[in-house]
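Engineer: Residue numbers (the UniProt record's numbering), protein chains in the order written: chain A, 1 to 509; chain S, 1 to 509.
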C-alpha cells in the first residue's frame with residue numbers, strides 16, 4: 001500500500017496546491033523519536049541552546065516572505081496577521097533564549113547540612129533537568145505561534161528537550177518550511193537537525209504519544225482530539241505529562257453600569273474581538289453576559305452594527321466551515337434564541353460573522369441550551385441577557401473551565417465601587433487569565449502571562465505562553481552528600497555559572 | 001446491609017484490637033468532600049493558615065504518648081521509631097508554616113505594560129491560587145509522616161486546600177487520633193473541622209478520587225493500588241492531578257575501588273539501611289550492584305554477618321507478611337540466585353531479614369530474572385555481582401524509574417578520579433535523588449529535598465517531601481489590566497503583604 005499523500009490545500013478555493021509529503025508510518029515516527037532522543041546531549045549546554053534559539057528566530061525572519069506566503073495560501077489568515085504572528089514567534093524564541101541565559105528556571109536550591117533539623121538535613125542540592133523528547137501537536141489556527149516554531153517548541157528546546165512536531169494538516173507546507181529554518185539554525189551550532197523532528201498524519205500523532213522515548217507532550221487543539229491524546233498519554237505503561245489546551249468559552253460579563261456608561265464602545269470592541277482572525281482564536285469571547293434593558297439593548301445594537309460591517313472571511317479548512325455552519329444553525333434553532341446578525345455560509349468557501357442572543361435564564365439550569373455553553377469555532381458569539389445578579393451567578397456556576405474570563409465595569413466600579421471586587425474574585429475560579437475592561441484576544445508573551453485554565457481549557461495547571469511555559473518540560477533532581485568534584489556545575493558552591501539560586505533559605509541573584 | 005466494620009489489628013498477634021469506625025459509604029464521602037469544599041474560605045488567610053499548621057504540630061506533640069502507643073499497637077514499628085516519625089511530622093508542619101509565612105510559593109510575577117514587545121505587553125500580574133479539596137491517600141509504612149498528619153496534608157493545607165484523607169487500614173485508630181488533633185487545631189483558629197476530613201474503606205478511596213469537587217490527589221503506596229487510582233483520576237470527565245508515589249527499587253552501585261577500600265563498612269551500612277523499619281521503607285535499597293572478586297566477596301560476607309544479626313521483626317500486616325514470604329521464595333528459586341542469609345517467615349507473626357545474590361549478567365537482558373527488578377516490600381535486597389562496567393551499564397539501562405539511586409565510591413573516585421562523575425551522571429536519569437557514599441533511607445525535610453522520580457517512583461514530576469511539595473496543590477492565574485482596587489492584595493504594586501516577587505524581570509525579596 002502506498003503511503004498516504006499529504007497535500008497543501010487552499011481554503012479560499014478548496015483546491016489542492018501541492019503535495020508536501022507523505023504521512024509518517026510507525027517506523028518513520030520511531031526513527032524521528034530515536035534520532036531526537038540521541039540528539040539530547042547536543043542541547044545540554046545552555047549557552048549553545050540560547051544561541052540556537054536566537055539563530056532560529058533569525059532564520060525564520062530571513063525566510064519570512066516565503067513562510068508568510070505559504071501560510072497565507074494554506075490558511076487564508078492574511079499576510080498582515082501572519083507577518084505579525086511570525087514576528088511574535090521570533091520574539092518568543094528570543095524571550096526563551098533570555099530565560100535560558102538567566103537560568104532561573106533551573107530552580108537551584110542548596111541546603112547545607114543541618115544537624116538541628118528533625119531528622120537532620122544532609123547536604124542537598126536540587127535543580128531541574130530536561131525530561132527528554134517532547135511531542136508537539138500543532139494548532140490549526142496559529143501556523144507559526146502555536147505550531148512548528150511556536151511556544152511548545154521554543155519552551156521545550158529552552159528546557160533542553162528535543163521535539164518531534166506533529167504538523168497540522170491545515171498547513172503542511174508552512175510546517176516543512178518552518179522546520180527547515182529551525183534545523184538550519186541547529187546545524188549552525190553543531191546540533192543534529194533531529195532535535196526538531198516533523199511528522200505528518202493522524203496515525204503518526206497517535207504513534208507519537210505512545211512512543212516509549214517520548215517523555216512529554218504539548219497540544220493545542222480541540223477537546224475531542226486533545227482528550228483522545230491525553231487518554232493515550234495516561235494509559236501508557238509509563239504515563240507522561242500531557243499539556244493540552246483543548247477548548248474555551250471565554251465568558252465576558254458586562255455590568256449594568258458598564259453598559260450604561262459605554263454601550264457602544266463595548267459592543268464595537270466585542271465585535272472586533274469575536275471576529276478577529278475570522279473568530280478562530282482559542283480566546284475568542286464565546287459567551288457574553290449583558291444586561292437586559294435599554295443600555296444592554298444599545299450594546300446589542302452596536303454589536304449588530306459592527307458585526308454586520310465585518311467582511312466575509314475564509315475559515316482554515318472546509319471541514320471547519322461545515323462544522324461552523326452546522327453549529328450556528330443548531331444553536332440558532334433553540335427556543336428563545338435570536339440571531340440579530342446571522343452567521344453562516346457565504347458563497348462556496350467563505351463565512352459571514354454573526355451572533356446569537358438568549359435570555360440568561362435559559363442557561364441557568366441544565367437543558368438543551370447547554371449547547372450554547374460549548375465552544376463554536378468561528379466568528380460567532382452568544383449574548384445572554386440577564387435580569388439580575390443572581391442570573392449572572394447561576395450562569396457562571398455552570399461554565400466549564402476557561403482560558404480567560406473578562407468583566408467590563410463602569411469607571412466607578414473600576415475604582416472599587418459596588419461589588420466589583422467580588423465579581424473579579426468570582427471569575428477567578430473559572431479561568432487562568434482574568435481581564436478587566438479589555439478583550440481576551442491577544443495573548444502577550446511575557447513572564448507573568450498564563451495561558452491555561454481549568455479543564456477543558458488545559459489538561460494540566462501549566463501555561464503554553466510566557467516564561468513559565470518552560471517548567472512543563474523539566475523535572476527536579478536532588479544530589480545528596482555529593483562531593484563537589486562530582487556535582488553538575490550548576491550546583492557547586494562557588495556558583496561558577498552565576499545562577500540565581502536559593503541557598504540555606506536565602507535567595508541569591 | 002450493615003456498614004462494614006473497620007478494626008484496628010495488632011500485627012504482632014494478628015488479633016483485632018478494637019473497632020474504630022465503619023467504612024464510609026458514597027454518601028459519607030460526598031458529605032466529607034462537600035464540607036471540605038465549603039470550608040475553603042477559612043483557609044484563604046495566610047496568617048491563619050500558618051498559625052493553624054503550628055497549632056497542629058503543638059496538638060500532635062501534646063497527644064504524643066497516645067498517638068505513639070496506638071501506632072505501635074497497630075503497626076509494630078516500635079515506639080522509638082514512631083516517636084521520631086511524629087517529631088518529623090511536627091517539624092514538617094512547622095516548616096510548611098514558615099513557607100506560608102514567606103509566601104514565595106505564590107510565585108508572584110508582575111509585568112507592567114511594555115509597548116515595545118511583539119505583541120505589546122499589557123499590565124499582567126500572576127500568582128498561584130489553591131486548587132481546591134485534595135484527596136490524601138495514607139501510606140501503610142508511615143502512620144504519621146505519610147498519613148493523616150503527613151507531608152501531603154501539611155503541604156495541601158499550606159497551599160490553602162482542605163483535605164479529605166483516606167485512612168490506611170493498617171492504622172485506623174492512629175488515623176482517627178491524628179485527625180482529631182488536626183481538627184482541634186483548626187477549631188482553635190475558627191477554621192471548620194471539615195478542612196481535615198477522614199474516611200475509611202477501599203471503596204471510599206475510589207469514590208474520593210472520582211468526586212467532582214476533589215481537585216487533586218496525593219498518594220503513597222503500591223504500584224497496583226496507585227496505578228488504579230491514577231487511572232481513575234485520568235478517566236474522570238474532568239481529569240485531576242494525581243501525585244502518586246508508587247514504588248521504587250532504589251539501586252545502589254558499589255565501585256570496585258570502593259569495595260576494595262571499605263568492603264566491611266559498606267556491607268554493614270547496607271544491612272542497616274535495607275532492614276531499617278523491617279525493610280518497609282519506600283527508599284529501601286532493593287538492588288545492589290557489587291563487584292565480583294575478592295573485595296566484593298568481602299562486602300557480601302560483611303553484609304551476611306550483619307543481616308544475620310538483625311533481630312526478627314513484625315511487618316505491618318499479615319497480608320504483607322504473606323506477600324513478603326512468597327516474594328522472597330519466588331525470587332530465591334530463580335536459577336543462579338543464592339541466599340547467603342535466607343529471608344522469610346519466623347514463627348507465626350514475624351519475619352527474618354535476608355538477601356539474595358545473582359550474577360549481574362542475569363539481569364542484563366529480559367527474562368525470568370526481571371522479577372528481581374521489582375520491589376519486594378520487606379527486609380530483603382538483591383546483590384547483583386558484576387564482572388565489568390559494561391554489565392553495570394546494562395543492568396542500569398533496564399531499571400524502571402526510582403526515588404533514589406546511590407553510588408559508593410573510593411576516596412580517590414570521590415575526588416573525581418576515574419569515571420566517577422560519569423557514573424553520577426548515568427544515575428541521574430534513573431531517579432529523583434542521587435546519593436554518593438550514603439544510604440537512601442532517611443528523607444530529610446528540607447527546601448532542596450526531592451522525593452519523587454520517574455514512573456513508577458511517582459506519577460508526576462513533583463515531590464511529596466520538602467518545601468516544593470506545596471507546588472502540587474496550586475495553579476497560576478493572571479490578572480490583565482486589572483485596576484489596583486480590584487486586585488488581590490498579593491498583586492498590588494505597593495506589595496502590602498511583603499511578598500517576594502518578580503517585577504518587570506527583576507526579583508524583589
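For each residue, glycine too, the CB sits at the ideal point set by N, CA and C.
Does DSSP put residue 141 of chain S in a helix, a strand or coil?
Structural biologist: By one-based count along the second chain, residue 141 of chain S stands at place 141. Residue 141 of chain S falls in the coil class under three-state DSSP.
Engineer: Ignoring anything shorter than 4 residues, give me the alpha helix (DSSP H) runs that lie fully in the stretch 405 to 440 of chain S, in order along the chain.
Structural biologist: Those alpha helix (DSSP H) runs which fall completely within the stretch 405 to 440 of chain S and span 4+ residues are 411 to 414, 420 to 427.
Engineer: Please list, in chain order, all residues of the same chain as residue 450 of chain S whose beta carbon is under 6 Å from its beta carbon, the five residues on each side excluded.
Structural biologist: The count along the second chain starts at 1 and reaches residue 450 of chain S at position 450. Once the five neighbours on either side are set aside, the close Cβ partners of residue 450 of chain S are 432, 433, 463.
Engineer: Check whether chain A comes within 9 Å of residue 265 of chain S, counting only Cβ atoms and requiring the distance to be less than that.
Structural biologist: Stepping through the second chain from its first residue, residue 265 of chain S is reached at position 265. So no, residue 265 of chain S is outside the interface.
Engineer: Taking the runs of the beta strand (DSSP E) that are 3 residues or longer, which of them lie wholly in the stretch 100 to 172 of chain S?
Structural biologist: Whole beta strand (DSSP E) segments, 3+ residues: 108 to 111, 124 to 130, 133 to 137, 163 to 166.
Engineer: Per DSSP, what are the beta-bridge partners of residue 15 of chain S in this structure?
Structural biologist: What you label residue 15 of chain S is simply residue 15 of the second chain in a count that begins at 1. Residue 15 of chain S pairs with S:10.
Engineer: Can you check which of these residues, A:501, A:246, A:28, A:369, is closest to residue 140 of chain A by C-alpha distance?
Structural biologist: Residue numbering aside, residue 140 of chain A sits at position 140 when the first chain is read from its first letter. The option with the nearest alpha carbon to residue 140 of chain A is A:246.
Engineer: Would you check if the distance between the CB atom of residue 248 of chain A and the CB atom of residue 403 of chain A is smaller than 9 Å?
Structural biologist: Taking the first residue of the first chain as 1, we reach residue 248 of chain A at position 248. Taking the first residue of the first chain as 1, we reach residue 403 of chain A at position 403. Yes, these two residues count as a Cβ contact at 9 Å.
Engineer: Which residue marks the beginning of the alpha helix (DSSP H) containing residue 354 of chain A, and which one marks its end?
Structural biologist: Against the first chain, residue 354 of chain A aligns to sequence position 354. Segment 354 to 359 is the beta strand (DSSP E) holding residue 354 of chain A; no alpha helix (DSSP H) there.
Engineer: Look at the Cβ atom of residue 380 of chain S, then the Cβ atom of residue 289 of chain S, and state whether they are nearer than 9 Å.
Structural biologist: Locating residue 380 of chain S in the second chain gives position 380, counting from the first residue. Locating residue 289 of chain S in the second chain gives position 289, counting from the first residue. No, the pair does not count as a contact, with Cβ atoms beyond the cut-off.
Engineer: Keeping to the same chain, check which residues put their C-beta closer than 8 Å to that of residue 100 of chain S; ignore five residues upstream and five downstream.
Structural biologist: Residue numbering aside, residue 100 of chain S sits at position 100 when the second chain is read from its first letter. The residues are 46, 49, 50, 53, 158.
Engineer: Considering only their Cβ atoms, is the gap separating residue 28 of chain S from residue 154 of chain S smaller than 9 Å?
Structural biologist: As a working note, residue 154 of chain S is residue 154 in the second chain. As a working note, residue 28 of chain S is residue 28 in the second chain. It is not a contact, given that the beta carbons lie outside the stated cut-off.
Engineer: Just by C-beta distance, which residues in the stretch 424 to 452 of chain A are closer than 9 Å to chain S?
Structural biologist: Hits within the stretch, in order: 424, 425, 428, 429, 431, 432, 433, 434, 435, 436, 437, 438, 440, 442, 443, 444, 445, 446, 447, 448, 449, 450, 451, 452.
Engineer: So what does DSSP say about residue 51 of chain S, is it helix, strand or coil?
Structural biologist: For this step, residue 51 of chain S is matched to residue 51 along the second chain. Looking at residue 51 of chain S - three-state DSSP - the assignment turns out to be helix.
Engineer: Can the beta-carbon of residue 283 of chain S be found closer than 9 Å to that of residue 442 of chain S?
Structural biologist: As a working mapping, residue 283 of chain S is identified with position 283 in the second chain. As a working mapping, residue 442 of chain S is identified with position 442 in the second chain. A contact, by the Cβ cut-off of 9 Å.
Engineer: Ends of the alpha helix (DSSP H) at residue 243 of chain S?
Structural biologist: The residue you call residue 243 of chain S lines up with position 243 of the second chain. Looking at the DSSP string, residue 243 of chain S is not in any alpha helix (DSSP H); the run it does join, the beta strand (DSSP E), is 242 to 245.
Engineer: Per DSSP, what kind of secondary structure is residue 402 of chain S in: helix, strand or coil?
Structural biologist: In the second chain, counting from the first residue as 1, residue 402 of chain S sits at position 402. Here residue 402 of chain S sits in strand by DSSP.
Engineer: Taking 9 Å as the cut-off, decide whether the C-beta atoms of residue 419 of chain A and residue 388 of chain A are in contact.
Structural biologist: Residue 419 of chain A sits at position 419 when you count from the first residue of the first chain. Residue 388 of chain A sits at position 388 when you count from the first residue of the first chain. In this structure, residue 388 of chain A does not lie closer than 9 Å to residue 419 of chain A by Cβ.
Engineer: Could you check what DSSP says for residue 338 of chain S in three-state terms: helix, strand or coil?
Structural biologist: As a position in the second chain, residue 338 of chain S is number 338, starting the count at 1. Note: residue 338 of chain S maps to strand in three-state DSSP.
Engineer: Leaving out five residues on either side along the sequence, give the residues of the same chain with a beta carbon under 8 Å from the beta carbon of residue 233 of chain S.
Structural biologist: Within the second chain, the letter at position 233 stands for residue 233 of chain S. Contacts found: 209, 217, 239, 240, 241, 242.
Engineer: Please identify, using Cβ separations under 7 Å, the residues of the stretch 337 to 352 of chain A that lie next to chain S, in order along the chain.
Structural biologist: Within the stretch 337 to 352 of chain A, no residue qualifies.
Engineer: Shortest alpha-carbon distance to residue 7 of chain A belongs to which of A:183, A:357, A:73, A:352?
Structural biologist: For the purposes of this step, residue 7 of chain A is taken as residue 7 along the first chain, with counting starting at 1. Considering only alpha carbons, the answer is A:73.
Engineer: Which one of A:327, A:254, A:324 has the shortest CA to CA distance from residue 295 of chain A?
Structural biologist: By 1-based counting over the first chain, the position of residue 295 of chain A is 295. Comparing Cα-Cα distances from residue 295 of chain A to each of A:327, A:254, A:324, the minimum goes to A:254.
Engineer: With 9 Å set as the bound, which would you pick, yes or no: does the beta-carbon of residue 147 of chain S sit closer than that to a beta-carbon of chain A?
Structural biologist: For this step, residue 147 of chain S is matched to residue 147 along the second chain. Output row for residue 147 of chain S: interface = no.
Engineer: Report yes if the CB atom of residue 40 of chain S is closer than 9 Å to the CB atom of residue 454 of chain A, and no otherwise.
Structural biologist: Position 40 of the second chain, counting from 1, holds the residue named residue 40 of chain S. Position 454 of the first chain, counting from 1, holds the residue named residue 454 of chain A. Contact flag unset, no.
Engineer: If you measure from the beta carbon of residue 72 of chain S to each beta carbon in chain A, is any gap under 9 Å?
Structural biologist: Here residue 72 of chain S refers to the residue found at position 72 when the second chain is read from its first residue. Not closer than 9 Å to any Cβ of chain A, the Cβ of residue 72 of chain S fails to qualify, so no.
Engineer: Closest to residue 382 of chain A by CA distance: which of A:198, A:196, A:36, A:252 is it?
Structural biologist: On the first chain, position 382 is the one that residue 382 of chain A refers to. Considering only alpha carbons, the answer is A:252.
Engineer: For residue 499 of chain A, which of A:272, A:110, A:393 has the nearest alpha-carbon?
Structural biologist: Taking the first residue of the first chain as position 1, residue 499 of chain A is located at position 499. The candidate whose alpha carbon is nearest that of residue 499 of chain A is A:110.
Engineer: Taking only three categories from DSSP, how would you classify residue 564 of chain A?
Structural biologist: Because chain A here runs from 1 to 509, residue 564 of chain A falls outside it and cannot be looked at.
Engineer: For residue 213 of chain S, is the classification buried or exposed, using 16 other Cβ atoms within 10 angstroms of its Cβ as the cut-off for buried?
Structural biologist: Residue 213 of chain S sits at position 213 when you count from the first residue of the second chain. Exposed, by the Cβ-count rule.
Engineer: Taking DSSP's pairing of strands, which residues face residue 502 of chain A in a bridge?
Structural biologist: Within the first chain, numbered from 1, the residue matching residue 502 of chain A stands at position 502. Residue 502 of chain A is bridged to A:109, A:507.
Engineer: Could you check what DSSP says for residue 379 of chain A in three-state terms: helix, strand or coil?
Structural biologist: Against the first chain, residue 379 of chain A aligns to sequence position 379. Three-state DSSP puts residue 379 of chain A in coil, outside helix and strand.
Engineer: Between which two residues does the alpha helix (DSSP H) carrying residue 68 of chain A extend?
Structural biologist: Stepping through the first chain from its first residue, residue 68 of chain A is reached at position 68. Where residue 68 of chain A is concerned, the enclosing alpha helix (DSSP H) stretches over 64 to 75.
Engineer: Are three or more beta carbon pairs between the stretch 78 to 94 of chain S and the stretch 190 to 202 of chain S nearer than 8 Å?
Structural biologist: Verdict: no, contact absent.
Engineer: Measure the beta-carbon distance from residue 278 of chain A to residue 378 of chain A and round it to whole angstroms, keeping in mind my assumption that it falls under 8 Å.
Structural biologist: Position 278 of the first chain, counted from the first residue, corresponds to residue 278 of chain A. Position 378 of the first chain, counted from the first residue, corresponds to residue 378 of chain A. Sure, about 7 Å apart at Cβ, within 8 Å.
Engineer: Compare the Cα-Cα distances from residue 59 of chain S to each of S:26, S:180, S:333 and report the closest residue.
Structural biologist: Position 59 of the second chain, counted from the first residue, corresponds to residue 59 of chain S. Taking only the C-alpha atoms, the option nearest residue 59 of chain S is S:180.
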